[in-house]
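K.L.:
Protein chains in written order, with my numbering: chain A, 1 to 198; chain B, 199 to 396. First the structure, then my questions, so here it is.
Protein chains: 2
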Amino acid sequence: MELYSEKINRLIEEFSRLPGIGRKSAQRLAFHVLNMPQEQAEGLAYAITDARRSVCYCKECFNLTDRELCPICASDSRNKRIIMVVENPRDLAAYEKTGKYTGVYHVLHGAISPMLGIGPNEIRLKELLLRLQQDVDEVIIATNSSLEGEATAMYISKLVKPAGIKVSRIASGIPVGGDLENIDEVTLLKALDGRTPL
Amino acid sequence: MELYSEKINRLIEEFSRLPGIGRKSAQRLAFHVLNMPQEQAEGLAYAITDARRSVCYCKECFNLTDRELCPICASDSRNKRIIMVVENPRDLAAYEKTGKYTGVYHVLHGAISPMLGIGPNEIRLKELLLRLQQDVDEVIIATNSSLEGEATAMYISKLVKPAGIKVSRIASGIPVGGDLENIDEVTLLKALDGRTPL
């Protein structure tokens, strides 16, 4: 026996394809949408098509945007000579939320992962090297602290250093507020290796 | 500094209004949608508008559907003389998934809650009483086991009993697989009160 009619099933189906949304959450979302005022549901649908249609990559940093340049690259108050390399736009957002970083970014859209068959050509590395032909003082590598992120960081540093540009890696260590006893050994050792003089 | 361009912000905003979706999940969903193939994103948007536009209440049981009668009320294999009263379509779905209930349903779309200002007229009670003027053998009250659910169950039973129709309430007790030591006292006492002869 089909529980719901076809269109409701289709909506549940569509929601359950989204990441982190299981069958049950999809059902909850679908019923929520069905109980929304009509304009609000249309608003959600419109936001999806509108954003998807107009979205493109910033031609400088490859952040997602709907203009030629993202707001960060278009801003005069950002230092274009410092480039932070991140794996994806969410990582950019995380750093941007600190409000303290005044340089610009470069979004790789992935990390090198031989396991998943992602090589240097599958991510936006060539585009980074092109950018480095302009005046750049420092490249800060802020890929994730995972196997893939570290491998990508090593790869980039080897490419960039010969050009005489300063390359740095964000610190690995104990998160602020972290309890030593709950932190894994690899992190503890990284924190020890990366100790700074007081 | 605006992190994303306007349309991306709007999409994140829309997603974060959905139940159980925080700011961070909304961002993840938005980026997922932006990375989808265009047709897939349009498919999601279309499913939302299409379902919302066409959805209505089943004129018998008030389940959500896109026809006059929901698949359950329209089916010949269901016993129309047994009506299970539930608070909302998700509860109906939960029972329907058992595959063992062969009667029909009545969806109240809420429960009586003086705290929230929801009285008997705000839920589909009048419609239930109208249905009881046809031949009905039993009304099974399957509202939630919360304060509001119990109050609604009591209220309905008082209304229905004088009509000479059998009224029952689904059992409250230890969930199957539940460990007695982890179960709250109210449930333990309910299970004791509701004990059945072996």
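We put the beta carbon where it would ideally sit given N, CA and C, even for glycine.
(1) Is it buried or exposed, B/Thr394, if we count other Cβ atoms within 10 angstroms and call 16 or more buried?
(2) Give the interface partners of B/Thr263 over in chain A, defined as CB-CB distance under 8 Å, in chain order.
(3) Could you tell me whether the Cβ of B/Pro360 comes closer than 8 Å to any Cβ of chain A?
(4) Which of helix, strand or coil does DSSP assign to B/Leu262?
(5) For B/Ser252, return the contacting residues in chain A, with the cut-off set at a CB-CB distance below 8 Å.
(6) Which residues mark the beginning and the end of the alpha helix (DSSP H) in which B/Pro244 is found?
(7) Which value, in whole angstroms, describes the spacing of the CA atoms of B/Leu242 and B/Leu262?
(8) Are any of the Cβ atoms in chain A nearer than 8 Å to that of B/Leu314?
(9) Using CA atoms only, rank isn't needed, just tell me which of B/Leu232, B/Ser275, B/Ile310 and B/Cys254 is closest to B/Pro287.
(10) Give the interface partners of A/Asp50 over in chain B, defined as CB-CB distance under 7 Å, in chain order.
(11) Using a cut-off of 8 Å between C-beta atoms, extract the partners of A/His106 located in chain B.
(12) May I ask which residues mark the beginning and end of the alpha helix (DSSP H) holding A/Glu150?
(13) Anything in chain A within Cβ reach of B/Gln225, meaning under 8 Å, just list it in chain order.
(14) Once the 5 residues before and after B/Arg226 are set aside, which same chain residues still bring their CB inside 6 Å of it?
(15) How would you call B/Ser203, buried or exposed, if buried means at least 16 neighbouring beta carbons within 10 angstroms?
(16) Can you list, in chain order, the residues of its chain whose CB lies under 8 Å from that of B/Ala249, leaving out five sequence neighbours each side?
(17) Say whether chain B places a C-beta atom closer than 8 Å to the C-beta of A/Ala41.
(18) Would you mind sorting A/Ser25 into buried or exposed? The rule is 16 or more other CB atoms within 10 Å of its CB.
(19) Have a look at the DSSP bridge pairing and note the partners of B/Met282.
(20) Keeping to the same chain, check which residues put their C-beta closer than 6 Å to that of A/Lys59; ignore five residues upstream and five downstream.
(21) By alpha-carbon positions, which one of A/Leu189, A/Gly22 and A/Thr102 ends up nearest to A/Lys80?
(22) For a contact defined as C-beta to C-beta under 9 Å, what are the partners of B/Glu258 on chain A?
(23) How long is the line joining the alpha carbons of B/Leu323 and B/Arg329, rounded to whole angstroms?
(24) Among A/Ile112, A/His109 and A/Cys73, which one has its Cα closest to the Cα of A/Glu96?
(25) Just reading off the alpha helix (DSSP H) that A/Lys24 is part of, what are its end residues?
(26) Can you tell me which residues form a DSSP beta bridge with B/Val365?
(27) Taking just the CA atoms, how far does A/Asp179 sit from A/Ala191?
(28) From the beta carbon of A/Glu148, is the nearest beta carbon of chain B less than 8 Å away?
(29) Would you mind stating whether A/Ile83 and A/Tyr105 have Cβ atoms separated by less than 8 Å?
(30) Let me check understanding here. Comparing Cα to Cα, which of A/Thr152, A/Ile156, A/Ala163 and A/Leu159 lies closest to A/Gln134?
(31) Using a Cβ-Cβ cut-off of 8 Å, state whether A/Gly20 counts as contacting chain B.
(32) Nearest-angstrom Cα distance between A/Leu128 and A/Val160?
P.N.:
Taking the definition as stated:
(1) exposed
(2) Tyr4, Ser5 and Ile8
(3) no
(4) strand
(5) Lys7
(6) According to the sequence as given, residue 244 of chain B is Tyr; it is not Pro. Run containing B/Tyr244: Gln236 to Ser252, per the alpha helix (DSSP H) assignment.
(7) 20 Å
(8) no
(9) B/Cys254
(10) Lys205
(11) Within 8 Å Cβ-Cβ: nothing; A/His106 doesn't reach chain B, min ~16 Å.
(12) Leu147 to Val160
(13) Arg90 and Ala93
(14) none
(15) buried
(16) Asp264
(17) yes
(18) buried
(19) B/Tyr303 and B/Ile338
(20) Glu68
(21) A/Thr102
(22) In chain order: nothing, as chain A lies at least about 14 Å away.
(23) 10 Å
(24) A/Cys73
(25) Arg23 to Asn35
(26) B/Val337
(27) 13 Å
(28) no
(29) yes
(30) A/Ala163
(31) yes
(32) 9 Å
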